[in-house]
Amino acid sequence: MISKSLLLPEPASPAHICPFDQACSYLEAAAKELNLNQGLLEILSHPRKVVTVSIPVKLDNGEIQVLAGHRVQHSDVLGPYKGGIRYHPAVTLREVSALAMLMTWKCALLGIPYGGGKGGIPIDRKRYSVGELERITRRYISELIKDIGPAVDIPAPDMGTSSREMAWMMDTYSVNVGHAVPGVVTGKPLSIGGSLGREMATGRGVMIIVREALAQQGKSLAGMRVAIQGFGNVGCAAAELLHQAGAKVIAVSTGAGGIFSEVGLDIPRLKVYAAENRKSIMGFPQSVPISNADLLTLPCDVLIPAALENQITEENVNQVQARIVAEAANGPITLEANLALEARGVTVLPDILANAGGVVVSYLEWVQGLSYVFWDEERVNREMEHLMVQAYHRVIQQSEVRQIPLRLAAYTLGVGRVAQALTDRGLYP
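Here it is, written out as structure tokens:
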């Protein structure tokens, strides 16, 4: 068992599904399968550094508000910390710590030289002006200036942030050190060292892993019925690419609700419709409204939760009808629900594999930034696909050799690589 002595405070409600506790459960399962000793497990279960900073900001009306900003650095055994920064009211230190840990295993699984990090500020960005968001972002990064850098910790966009915030972060860091440093963040605009292919990367990775899973079953994407919970950056990109490959996307949703079409949605037209209606998809022609909860239980071949965590739980798991569930979001399936799906023979493509396309292209952007040599989009997509397909087949092989589910196989590969590196490096002092 993992010692609780150094872990973050327990959640206020014992009934709350805590992402950090769930992440530790998956780590423990992998450690047991790998027969890791307790000392290694203790090291791997604790973030190396947890930073919380105070962010005083002057609002447009002249008032001063003080926010809290977090950055958790889980492991740098394989390389610099890497992970997104999210702006969302539900951000907590435990959530960020869980996501930092997951990023460590994800990078190790994909074979890229990063450790896991994650950051966030618990705010509703809709309540702030652009100027206020810029001041919040710049002050946050200035407070973290000694804890980030292209060889130390490389932030990226996440929920509630975009290339705009990354540009502010890159500029703030560069001004403070006295020269332009494009490698300090990824997900930047192309004009300041961003990478082609980054915007579609996570959704493209989801499509690739779903395609490979279907091929493993002797099937193709053509004609497959797909339901996608979430039509943000990831869900929209996945829907577009799956549609292009011949899949029938029968339902998508946003926080306000979803839409369904038995014959399949016209995704290119839906993208235009959403752009013209302030990102709303409701009322799209030839579709009927559907709730987010009902979308998860539609009869379909592939279900892609691409929104928030804890969407498939023990309460609704028995109603899930898909034969493949691809986790485009982080932790959309609870531990108990995951066990129930596996027991029913449902193929669960775990988040540390299925949504890894974003961090892969972030790595490729970082490589381009360090070398000041930039690639065309075809090469970026080709390099990303190569790494994703390799990782998928490693997971399949591990699953078959050890006779374990895909999630546990993915975790044993990621955790095992970090544990081996830690063993080889030794313990200082």
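Offset between the sequence shown (1-based) and my numbering: plus 1408.
For each residue, glycine too, the CB sits at the ideal point set by N, CA and C.
Practice task
Hey, could you find the ends of the beta strand (DSSP E) I1600 is sitting in?
Solution key: No beta strand (DSSP E) holds I1600; DSSP gives it neither H nor E.
Problem - Contained beta strand (DSSP E) runs [length at least 3] in the region 1721-1755, N- to C-terminal order - result: Counting only runs of 3 or more, we get 1732-1734.
Practice task
Could you please give me the residues that DSSP links to P1860 through a beta bridge?
Solution key: Here the chain covers residues 1409 to 1837 and nothing more, so residue 1860 does not appear.
Handout entry: Euclidean distance between Cα positions of H1496 and K1534
Key = Using only the alpha carbons, I get a separation of about 10 Å.
Problem - Helix, strand or coil at T1460 according to DSSP, with G and I counted as helix - result: Strand at T1460.
Exercise for the section: Consult DSSP for K1526 and reduce its assignment to one of helix, strand or coil. Expected result: DSSP places K1526 in strand when its eight states are reduced to three.
Handout entry: First through last residue of the beta strand (DSSP E) which encompasses Q1831
Key = Sequence check: residue 1831 is Thr here, not Gln. Per DSSP, T1831 belongs to no beta strand (DSSP E); it is in the alpha helix (DSSP H), 1814-1833.
Practice task
Please classify R1686: is it buried, with 16 or more other beta-carbons within 10 angstroms of its beta-carbon, or exposed?
Solution key: It counts as exposed.
Exercise for the section: Measuring only between beta-carbons, confirm whether L1704 sits less than 8 Å from chain D. Expected result: Considering every chain present, this structure includes no chain D. It has just one protein chain.
Exercise for the section: On a CA-only basis, which of G1519, G1824, P1521, V1504 is nearest R1479? Give me that one, please. Expected result: For the options G1519, G1824, P1521, V1504, the alpha carbon positioned closest to that of R1479 is the one of V1504.
Handout entry: Assigned secondary structure, G1611 (DSSP; H/G/I helix, E/B strand, else coil)
Key = Secondary structure at G1611: helix, using DSSP grouped into helix, strand and coil.
Exercise for the section: Note down the Cα distance separating A1701 from V1583, rounded to an integer number of angstroms. Expected result: Rounded to whole angstroms, A1701 to V1583 spans 47 Å at the Cα level.
Handout entry: Supposed contact pair V1769 and A1609 - C-beta distance, whole angstroms, cut 8 Å
Key = Contact between A1609 and V1769 is confirmed by a C-beta separation of about 4 Å, below the 8 Å threshold.
Problem - Helix, strand or coil at L1711 according to DSSP, with G and I counted as helix - result: Correct three-state label for L1711: strand.
Handout entry: Which of helix, strand or coil DSSP assigns to P1590
Key = Of the three classes helix, strand and coil, the one that applies to P1590 here is helix, per DSSP.
Exercise for the section: Give every residue of the same chain whose Cβ lies closer than 7 Å to the Cβ of L1778, excluding the five residues on either side of it in the sequence, and list them in chain order. Expected result: In the same chain as L1778, and ignoring 5 residues on each side of it, the C-beta atoms closer than 7 Å to its own belong to P1558, G1591, in chain order.
Practice task
Can you have a look at S1483 and say buried or exposed, based on whether 16 or more other CB atoms are within 10 angstroms of its CB?
Solution key: With a threshold of 16 other beta carbon atoms within 10 Å, S1483 meets it and is buried.
Handout entry: From G1665, G1524, L1703, V1461, residue whose alpha carbon lies closest to that of H1454
Key = Ranking the options by Cα distance to H1454, first place goes to G1524.
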